Every structure is written in C-alpha cells, then in structure tokens.
Amino acid sequence: MEPARNTRPLVASIADVQASLDSRRIAIDKVGIKDIRHPVRVRDRARGEQHTIATFNMYVYLPHNFKGTHMSRFVEILNGHEEEISVASFQTMLGEMAERLESEAGHIEMRFPYFIKKQAPISGVASLLDYEVSFIGEVRDGEPKMYIEVVVPVTSLCPCSKEIAAYGAHNQRSHVTVRIRNRGFIWIEELIELIEREASCEIFGLLKRPDEKYVTERAYNNPKFVEDMVRDVAARLNQDDRVGAYVVEAENFESIHNHSAYALVERDKEVEAPTNAGRAHPAPG
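Note that our numbering gives residue 121 to position 121 of the sequence shown, counting from 1, and the numbers run on in steps of one.
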C-alpha cells in the first residue's frame with residue numbers, strides 16, 4: 001500500500017513587511033487597534049464580581065525606523081487573558097504588550113458599563129443604574145501608570161436661578177467625570193458615591209412619587225454651580241491619601257440654554273502643593 005501523502009501545502013517564507021525599514025524618519029506616538037469588544041469580569045463591592053463587556057483601545061509607540069506594528073499581536077494579548085481581566089491583570093497585560101511589540105511605550109484603555117443597584121430614598125424600591133467606567137494604563141521605559149475613570153450622571157440646580165426667581169429654579173442632568181491615579185485600593189463604588197454626595201442630588205433608575213418629591217426638594221435645597229461641583233469633589237479627593245493624582249470635570253447640559261456649562265480641576269499631589277480654594281500650583285524649587 002502506498003504511504004499516505006502529506007497533502008498540506010508547503011508554505012514559502014512570508015515577508016514581514018511591518019518589520020521592514022522606513023526612511024521617512026517620523027516616529028508614531030500611538031499605533032494599534034481601537035474599539036475592540038471583549039468580555040471581562042470586574043470586582044464588585046456588593047456581589048464580589050460583575051460580568052460586563054469592555055471596549056478596548058490598545059496602542060504602542062513606533063520608532064521612526066520601523067514601517068509598521070504587528071496588529072494581530074494586540075488581539076492575541078487580549079484573548080490570552082480570556083475573562084480574567086482585573087486591575088492587576090490589566091497592568092500585566094500592559095507590560096506584556098510593550099514587550100511583545102518591542103516598544104518603549106504602550107497605552108491601553110478599557111471602557112465598560114458598570115451597574116449598581118440603588119434604592120430610592122423614600123420608597124426603597126430598587127433599580128439598576130449604569131455608569132461608564134474606564135481603566136487606563138500607560139507604560140514608558142518599563143514604568144507603568146494606572147488610572148481609573150468614572151462618569152457619573154447627577155442633578156444640578158442653579159443657585160443664581162433660585163436666588164432671582166420668584167418661584168422655582170432651573171435644573172438639569174449633569175455629568176461629573178473623575179480620573180484618578182490611585183496609590184491604594186479604591187472601590188469603583190466609593191468614587192461614584194463621593195461624586196454623588198457633592199451634586200445637588202444623585203439620580204436613580206426608578207422613583208415613586210414620594211421619591212420624586214424628595215429628590216426635587218433635595219436639589220432645590222442644595223443648589224450647585226458647575227464650579228461648585230468640581231471644587232467640592234476636588235476637596236474630597238485632596239483629603240484621600242489613596243489618591244495620588246486626579247482630574248475632575250463637570251458638564252451641565254443646561255435646560256434653558258443651547259449650550260453646556262463646563263469646569264475642570266486637575267492636580268498631581270506628588271509634584272504639586274495645594275493653595276487657596278483647592279487649586280494646585282507647582283511647589284517652589
């Protein structure tokens with residue numbers, strides 16, 4: 001009997017075009033893949049862990065002498081961690097990406113919806129509310145930096161409108177965004193609760209009529225400009241030793257204007273010292 005033949009085609013050596021030299025002498029600061037979705041598990045204070053779907057952006061620095069990067073390696077790294085993606089494994093994945101793509105710098109963003117069960121303030125009826133959360137990692141020359149970002153919807157009521165109007169005051173839904181570089185463990189829920197306490201009122205997924213009365217009156221008795229919200233949140237972050245650096249942004253989607261009101265406070269505690277009103281300036285040399 002004639003021996004079985006190997007029917008697999010012989011693969012000739014395939015050129016690696018990405019690794020070829022480039023003569024334009026222009027380095028690329030970020031090159032990689034955007035908007036790839038992947039299932040993940042995130043630590044949840046109430047239930048231990050939460051399953052969700054994250055959208056990833058993954059980039060590396062490309063030196064001027066290389067034509068391109070190996071895009072498939074980004075996907076291989078992501079799939080290599082399957083669903084075991086946490087803050088710890090996220091940092092491991094960041095270093096692995098820079099090593100496998102032979103780059104001195106790398107950047108990963110992992111954005112996902114995070115759900116918290118909240119109880120209405122009077123009736124106690126429970127409902128889920130979703131928040132946008134991001135893990136952001138950067139590594140340069142082997143030194144990683146990790147950030148957590150949350151976008152929290154809240155209610156804000158205008159102090160000026162309340163002061164000048166015979167009755168009522170305009171209010172609106174606002175987004176407060178906080179990005180921190182932490183130097184101690186912080187629950188996602190802790191950041192969200194800190195922000196909600198500094199708004200005119202927090203929002204809920206489901207309210208009964210007694211709850212609507214409460215949140216309306218709560219906002220009316222607690223008016224906040226966009227400037228007030230970023231300053232109040234920044235003051236709380238200044239007091240938390242687990243926070244090494246932060247950016248606080250607030251955007252009010254104005255109900256009586258066709259524009260938004262916006263404010264931002266940024267501080268790096270490790271290189272700056274606080275002065276009046278929570279604002280930061282470089283420490284004297």
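Note that CB positions come from ideal geometry on N, CA and C, so glycine has one too.
No experiment lies behind these values; they were computed from the predicted model shown.
- DSSP links ASN57 through a beta bridge to GLU109.
- Counting only residues of its own chain and dropping the five nearest sequence neighbours on each side, VAL265 has a CB closer than 6 Å to the CB of VAL230, ALA234, VAL248.
- About 16 Å separates the beta carbons of ILE36 and LEU94, which is beyond the 8 Å limit, so they are not a contact pair.
- In the displayed model, GLU270 falls within coil according to three-state DSSP, outside both helix and strand.
- With a cutoff of 9 Å on beta-carbon distance, GLY106 and TYR167 are scored as not near each other.
- About 47 Å separates the Cβ atoms of HIS51 and ARG25, ruling out a contact at the 8 Å cut-off.
- Per DSSP, GLU212 is not a residue of any beta strand (DSSP E); the alpha helix (DSSP H) it occupies stretches across 209–220.
- Its Cα nearest to that of ALA199, the residue THR177 stands out among ILE188, LEU206, THR177.
- A Cβ-Cβ distance of about 6 Å is found for the pair ARG173 and PRO153, placing them in contact under the 8 Å criterion.
- Short of 7 Å from the beta carbon of SER134, and not among the five residues preceding or following it, lie these beta carbons of its own chain, in chain order: GLU109, MET110, ARG111, GLU149.
- Taken atom to atom, the span from the alpha-carbon of ASN171 to that of LEU237 is near 25 Å.
- Cβ neighbours of SER89 within its own chain (closer than 8 Å, five residues either side excluded): HIS81.
- By the C-beta density criterion, GLU251 is buried, having at least 16 other C-beta atoms within 10 angstroms.
- For SER156, no alpha helix (DSSP H) run applies; the uninterrupted beta strand (DSSP E) run containing it begins and ends at 143–157, by DSSP.
- Taken atom to atom, the span from the alpha-carbon of PRO210 to that of PRO144 is near 49 Å.
- As summarised for the region 179–264, the continuous alpha helix (DSSP H) elements at least 4 residues long and confined to that stretch are 188–197, 209–220, 226–238, given in chain order.
- With a contact defined as Cβ atoms closer than 8 Å, LYS269 and GLY205 miss out at about 35 Å.
- Excluding sequence positions up to five before and after VAL226, its CB lies within less than 6 Å of the CB of ALA250, ASN252, ALA261, ALA263, all in the same chain and listed in chain order.
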